[in-house]
Ligand SMILES: Nc1ncnc2c1ncn2[C@@H]1O[C@H](COP(=O)(O)OP(=O)(O)OP(=O)(O)O)[C@@H](O)[C@H]1O
Ligand SMILES: Nc1ncnc2c1ncn2[C@@H]1O[C@H](COP(=O)(O)OP(=O)(O)OP(=O)(O)O)[C@@H](O)[C@H]1O
Ligand SMILES: O[C@@H]1[C@H](O)[C@H](O)CO[C@H]1O
Ligand SMILES: [Mg+2]
Ligand SMILES: [Mg+2]
């Protein structure tokens, strides 16, 4: 296991035919989504013949910064990371730049004004995901004048996907006064919390038409709560979620979820391409969007068999 | 035991009370050695300096925690107070347009004040520190979110210069934060060993009832240590905001456990009354070196990282005990 | 009647604890330049009166005048600042700090805010020398025995140059030599005009050093007398407040009757038992019905001998035989399984669980023997506990009272009761009469005799040589962690044993 | 006399529980303002249904964990690893079931439960060994498993959420038995067992003794080590059951999030219930009330609609109020009663004894 570090330092400047070393700092393993993301990166690296130095930051930005510093010391050929937070990367990214190592951001952007600090950003746009969810809803209720009562299950308070999805969704539905978000609580992105909070929503609010959950897992938990209350998920209460993990797609296909905006974790292959190009010094676009779509119940049935995660 | 050592005056063995610290030190050296043998770039002196650079804020927080633990208390609020400080600093600098020289004393004051308030509740209302500081933890974290739920970048020139300037020694460097942290440790160690406040801290940890009957100012001391811890957390928060150049409500989640672990690994007893700040420095280094080894390895998946951290902690504490026990005989 | 003004006058002091009226309307006064004994049985309220004075307790009623001014201290700190320095009954020092620091903490000499450690050590060493205490001032206090700790506490109190000095049973763990040192210093302080309040259970000491006596009983004032005008028997009568027959029994010494005990094989025999750094290998045999007394100075290793026999510490050498067969005494549990019981000297740290009730503390060892799954039936618990509360006169006689709230002497009795109900074959008593009033002490002594008469083997440790001699059939003398000699108690006198202790030679 | 004494005792314990119970009731009443039928319990689909039932049902895992924690704390210990044990046990059980051809087979589910709880016992043994055998400070000893255990749980699930579809397993945390949620029955059973184990045998007293003064207990012949090990094993076992409940409730195992931070809630519940972190006396009834209080607090936050960014402030407020009101020192200082002046007057007609001149 220790050989890798020495190899890479030996041939760091050589480039060319020799194996590339990529330092990758992952946020953590806080969700199934994240794990799928990690796997995708690891597998793609293997496939592309890239030596991957993987580091788990356990959800702490300071750990990511430490990891990046140690990548510099280990003289890797390229660094990629999914920033835990948008802010606060300038210092360490300057150090990376001074060391002449190209940086690729995955999954999440940084808010640096100095865009020369990284080569590109590949990943999804959480605001857009929320917007897509909201747009579907608006379309679904087009022409129906009755008020629509929405409850929202937010992700972990303060996390970027929670903030952005709430914003994207909220902005769309705010345009029409018939949409009312009558309750909004955090469900910590987990099934257990999703269920618990939904149970309370159901008791406190008699008339819920729509549930918007910031990820599939909370939605899946909520489905159980809705069924427990003797209601039919997807029918009595429409459910919109984000992610598109296997269990979510299954529920969508089963008609329990009404709509999913995809947030794909499978960035690995795209990332490896970009890494190779960046190391060679080729020109690459500064923003690469993950290939993402949305799923209706029909589309889910079709897509389900090929779903990997 | 005392008379035993007395019998062989020629044999200069270390005083028994320093054994935990020495055991930690030697194990740390061994750990570093293993790292250096396994990973080539590891032996670079800068690696060790980076451990300081990357943990300066933890060091300051743990130093404050040491005071509290020495009295037999505990402070769970430190991580949240760190986060609150980053958030306050960021919002005051960026959104309210305060100048840095006003922000700095203000956030430090807020930290100390929070600690002071918790200390008062602990002392006057006789509520267990664990619970009071747990409430403090909720409070400070909650205050972060009332400021903002998203992160606020800091672009203030003073902050950026603190973040990006380097204190160089030849080819090596540390950040200004490291200097701040070391000053805190030195001042803290001096206070503990050479002032009444420090000695009263130990006395209360040894036996609070006795301390009271001996006529020591228990109230004042107990409240002061929490204020110190609050102050150190705030200072740690400032250093963290230098390090991250942002304020965020999710910063430093779980840092209280790191700080407690560092203090305890450094040989301080959680029951109070025994331990040294040097030990805490070593404890922080142990955590830092474990982290560094894992990053250098670079092959561990997320869960193996956790398992290996746990295992290394275990081996370390176990060996520390074995060495300590053997030497003490 | 040319009395000087009292430096301290307490009038009508009343203090109630939930369920106990510890003090009711007690008056007490103290004059400069006198040593004033505060006497009373266990639980009479002596310690409470002291704590009421120094502000540890809020009083429910009464008035305190210090030098003519009404005071109500908020706590020991304030009392100390006003010139009232106290050694409380439970030694109140910090075991985790050095001896010197314990003496000076809170009033360390400083320069520019920095503690002057050198000065502290120098002054501490001087002070200890003045008390003829030969210990290392820089060592941790916790490494020393209670007696040493007690002397350190006294040193601290004395050095806080106070107007009023209070000692709550300082001598209970001191041996004769140390008491002598203490009294010497007390007399000296008295001559300097300091007023000293002195609590003790030793009548001899009262007559040796005090000028005046105040007696409490059941939280009430019985009376205040000049020591010189009070016959010893009257003093005891005031304390116990009852029939003289008790007192007569007290004078009548329990008989030791060394029978043909030595023939049978000993209940417990140690051969070459020892522990490095604690006590050198020794031989000791204790027979059925025999009381063996351990004599020696403090720190001579008596407690260590007891702990080895009980398995509280692990022996490095030698072996223990019970009824002639070698047994492995690895820990207290195994010792108990062989019928050995150990009533430790330090009741607070090694004896009682202060937050449990009297009942729970008494049945603890018996329950431990039976294991957790076989609880002693409630009815049986109550019978046993009632019996011993009566037998040892534990007050208040409330089995559900938390032991922490018992007076010192009554705590000691609870500990004793714990071991008596296990009906051991060998009972090791380490300072069982420390801090116990005259009446109770006599009872415990009688108890030891009757236990031995009933066939129990007893190892008896006490700092009071007379007591050891009065009770033991056989005396073993320890000196500097060596068991130097063992002799039958046939007409041995105190002098003789003292000489052995002093010279180390088996004369 | 005995009767009156025990009567006195229970009055004391009742007083100790008075404040937490009062606050619990106040909290529930507060909900009534926002949700008029908050107290309504009905039978819906053959199940008891209502907010109060929810509180106990969702509180059941916390009750379990806090129950074990109570005994650990009574020995002056602490167990930070319970959250990880929750995750590990849920993960192992779900992994096993997901590997079955017939996920609904009772035998398969029982094996899964057995395996998971068996592992919990081993983990408890490990904690107990570190504390009692090696002599580590409990907080650090259990921190090791807290950190490593999360990794272990994720190792078991391979970082994914394992979803299962098993009716018998669903019963544990999400099912009903005779209209009553099964998890409530389980928690009740565990509480009853713990009470019986500690109060019907001498275990409770021995635990309190070890926690009150470990050295004195050793010298009284108590096998403190064995008791400490036992307590950690019991705690892990309770956490294991909680893990089964949590994973069963959502029919899936989430190695990362299951039981996250539950140790803090559990410790909080124990302390609110009147057990001191300094060890010694413990109160299982108090712990149950404490756990319910914490769960009621969460439910209140959801129903009252406290915005997520202020929930922590709200929690801080309630915790502070609960602890302050419970503190005798606080009550004495804030609602200071007048000193009784009668004491002296009453004692005037004492039998004053002569004082020597
Ligand atoms: N904190 C307390 N709470 C309740 N009762 C107490 C408390 N302290 C003392 N008592 C009770 O007050 C009475 C007086 O106790 P005190 O300690 O003053 O006795 P004492 O005269 O010092 O006895 P001893 O010679 O045994 O030390 C006893 O009945 C004791 O049980
Ligand atoms: N004068 C002293 N100098 C140094 N150490 C002492 C002294 N007295 C006691 N000690 C310490 O106290 C410990 C306990 O000694 P031990 O209790 O066996 O003596 P003891 O004869 O029972 O005396 P005691 O009267 O205090 O019960 C010893 O290990 C020793 O380190
Ligand atoms: O768990 C969350 C979400 O599922 C999201 O879609 C991506 O970020 C992860 O942290
Ligand atoms: Mg007393
Ligand atoms: Mg002794």
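Chains as they are written, first to last, in my numbering: chain A, 378 to 686; chain B, 16 to 344; chain C, 1283 to 1789; chain D, 73 to 429.
The beta carbon of each residue, even a glycine, is placed where N, CA and C say it ideally should be.
field: Proximity winner among 1422/C, 1438/C, 1393/C, 1624/C, relative to residue 1413/C (alpha-carbon distances)
entry: Translated into the one-based positions of the third chain, residue 1413/C becomes position 131. Closest by alpha carbon: 1438/C.
- request: Consult DSSP for residue 1420/C and reduce its assignment to one of helix, strand or coil.
  value: Looking up residue 1420/C in the third chain gives position 138. DSSP places residue 1420/C in coil when its eight states are reduced to three.
- prompt: Using the C-alpha atoms, what's the distance from residue 1359/C back to residue 1342/C?
  reply: Translated into the one-based positions of the third chain, residue 1342/C becomes position 60. Translated into the one-based positions of the third chain, residue 1359/C becomes position 77. So the alpha carbons of these two residues sit roughly 21 angstroms apart.
field: C-beta contact flag for residue 1429/C and residue 1410/C at 8 angstroms
entry: The residue given as residue 1429/C occupies position 147 in the third chain. The residue given as residue 1410/C occupies position 128 in the third chain. In this structure, residue 1410/C does not lie closer than 8 angstroms to residue 1429/C by Cβ.
- prompt: Whose Cβ in chain A lies nearer than 9 angstroms to the Cβ of residue 330/D?
  reply: Counting from one through the fourth chain, the residue named residue 330/D turns up at place 258. Simply 567, 569.
message: Using a Cβ-based criterion (distance less than 7 angstroms to any ligand heavy atom), does residue 70/B qualify as near ligand 1?
response: Residue 70/B sits at position 55 when you count from the first residue of the second chain. The answer is no for residue 70/B.
query: Exposed or buried, which one is residue 396/A when buried takes at least 16 other CB atoms within 10 Å?
result: Residue mapping note: residue 396/A aligns to position 19 of the first chain, counting from 1. By the 10 Å Cβ count, residue 396/A comes out exposed.
field: Environment of residue 249/D [buried if 16+ CB atoms lie within 10 Å]
entry: The residue labelled residue 249/D in the question sits at position 177 within the fourth chain. The residue is exposed, with fewer than 16 neighbouring Cβ atoms inside 10 Å.
query: Pairing CB atoms from the region 208-228 of chain D with CB atoms from the region 146-153 of chain D, are three or more of them under 8 angstroms?
result: yes
Residues sharing a beta bridge with residue 672/A, DSSP: As a working mapping, residue 672/A is identified with position 295 in the first chain. Residue 672/A is bridged to 637/A.
task: Give the DSSP-derived three-state secondary structure of residue 1463/C in the structure shown.
output: One-based indexing of the third chain puts residue 1463/C at position 181. Looking at residue 1463/C - three-state DSSP - the assignment turns out to be helix.
message: Measuring straight from C-alpha to C-alpha, what distance separates residue 243/B and residue 1317/C?
response: Position 228 of the second chain, counted from the first residue, corresponds to residue 243/B. Position 35 of the third chain, counted from the first residue, corresponds to residue 1317/C. So the alpha carbons of these two residues sit roughly 45 angstroms apart.
query: Using a beta-carbon distance below 8 angstroms, is residue 1396/C in contact with chain B?
result: The sequence position of residue 1396/C within the third chain is 114, counting from 1. Answer yes: the Cβ-Cβ gap between residue 1396/C and chain B drops below 8 angstroms somewhere.
query: Hey, would you say residue 281/B sits closer than 8 angstroms to residue 290/B, going by beta carbons?
result: In the second chain, the residue the question calls residue 281/B occupies position 266. In the second chain, the residue the question calls residue 290/B occupies position 275. Contact: yes.
query: Name the chain D residues whose beta carbon is nearer than 8 angstroms to that of residue 667/A?
result: Along the first chain, one-based indexing puts residue 667/A at 290. By Cβ distance, chain D contributes nothing, its closest Cβ being about 20 angstroms from residue 667/A, past 8 angstroms.
message: To test your reading of the DSSP string, which unbroken alpha helix (DSSP H) runs of 4 or more residues are found completely within the region 1635-1685 of chain C?
response: 1640-1652, 1660-1673
query: According to DSSP, what are the bridge partners of residue 1551/C?
result: For the purposes of this step, residue 1551/C is identified with residue 269 of the third chain, where counting begins at 1. Answer is 1567/C, 1603/C.
task: Output, in sequence order along the chain, the residues in the region 158-174 of chain B whose CB is closer than 8 angstroms to any CB in chain D.
output: 158, 160, 161, 164
query: Does the separation of the CB atoms of residue 1720/C and residue 1502/C fall below 8 angstroms?
result: Residue numbering aside, residue 1720/C sits at position 438 when the third chain is read from its first letter. Residue numbering aside, residue 1502/C sits at position 220 when the third chain is read from its first letter. Their beta carbons are not under 8 angstroms apart, which means residue 1720/C does not touch residue 1502/C by this criterion.
- request: Give the single residue among 33/B, 32/B, 46/B whose Cα lies nearest to the Cα of residue 334/B.
  value: Against the second chain, residue 334/B aligns to sequence position 319. Residue 46/B is the option with its Cα nearest to residue 334/B.
query: Start and end of the beta strand (DSSP E) containing residue 531/A?
result: Position 154 of the first chain holds residue 531/A. Taken as a continuous stretch (DSSP letters only), the beta strand (DSSP E) holding residue 531/A covers 525-531.
- request: Pull up the distance between the alpha-carbon of residue 274/D and that of residue 348/D, whole angstroms please.
  value: Looking up residue 274/D in the fourth chain gives position 202. Looking up residue 348/D in the fourth chain gives position 276. Straight-line Cα distance between these residues: approximately 20 angstroms.
Residue-chain proximity (residue 381/D, chain C), Cβ-Cβ < 8 angstroms: Position 309 of the fourth chain, counted from the start, is the residue given in the question as residue 381/D. No - not a single Cβ of chain C is within 8 angstroms of the one on residue 381/D.
message: Quick check: is the beta carbon of residue 274/D nearer than 8 angstroms to any beta carbon in chain C?
response: Within the fourth chain, residue 274/D is the residue found at index 202, counting from 1. By this cut-off, residue 274/D is an interface position.
- prompt: Along the region 411-435 of chain A, what residues have a CB closer than 7 angstroms to any CB found in chain B?
  reply: 415, 430, 431, 432, 433
- prompt: Mind checking whether residue 200/B and residue 66/B have CB atoms under 8 angstroms apart?
  reply: Here residue 200/B corresponds to residue number 185 of the second chain, with the count starting at 1. Here residue 66/B corresponds to residue number 51 of the second chain, with the count starting at 1. No, the pair does not count as a contact, with Cβ atoms beyond the cut-off.
- request: Give the DSSP-derived three-state secondary structure of residue 486/A in the structure shown.
  value: Walking along the first chain from the start, residue 486/A turns up at place 109. If DSSP states are grouped into helix, strand and coil, residue 486/A belongs with coil.
- prompt: Between residue 291/D and residue 1626/C, is the Cβ-Cβ spacing less than 8 angstroms?
  reply: Position 219 of the fourth chain, counting from 1, holds the residue named residue 291/D. Position 344 of the third chain, counting from 1, holds the residue named residue 1626/C. Yes, the Cβ-Cβ distance between residue 291/D and residue 1626/C is below 8 angstroms.
- prompt: Who are the neighbours of residue 145/D on chain A, taking C-beta pairs under 9 angstroms?
  reply: Position 73 of the fourth chain, counted from the start, is the residue given in the question as residue 145/D. Correct list: empty, because the minimum Cβ distance to chain A is about 25 angstroms.
query: Between the Cα of residue 1554/C and the Cα atoms of 1509/C, 1600/C, 1491/C, which residue gives the shortest distance?
result: Translated into positions along the third chain, residue 1554/C becomes position 272. Minimum Cα distance to residue 1554/C is reached at 1600/C.
- prompt: Which bits of chain B does residue 612/A rub up against, with CB to CB less than 9 angstroms?
  reply: In the first chain, the residue the question calls residue 612/A occupies position 235. Within 9 angstroms Cβ-Cβ: nothing; residue 612/A doesn't reach chain B, min ~33 angstroms.
message: Quick check: the Cα distance between residue 443/D and residue 404/A, rounded to an integer number of angstroms?
response: Because residue 443/D is not part of the residues shown, which for chain D are 73 to 429, the question remains open.
query: Is residue 114/D buried or exposed, if buried means 16 or more other CB atoms sit within 10 Å of its CB?
result: Mapped onto the fourth chain, residue 114/D falls at position 42. Looking at its Cβ environment, which holds fewer than 16 other Cβ atoms inside 10 Å, residue 114/D is exposed.
task: Enumerate, from N- to C-terminal direction, the unbroken alpha helix (DSSP H) stretches of 4 or more residues contained entirely within the region 201-275 of chain B.
output: 211-221, 223-228, 233-259
- prompt: Per DSSP, which one or two residues make a beta bridge with residue 1496/C?
  reply: Within the third chain, numbered from 1, the residue matching residue 1496/C stands at position 214. Partner(s): 1320/C, 1506/C.
query: Does the Cβ-Cβ distance between residue 228/D and residue 327/D come in under 8 angstroms?
result: As a working note, residue 228/D is residue 156 in the fourth chain. As a working note, residue 327/D is residue 255 in the fourth chain. In contact: residue 228/D and residue 327/D (Cβ atoms closer than 8 angstroms).
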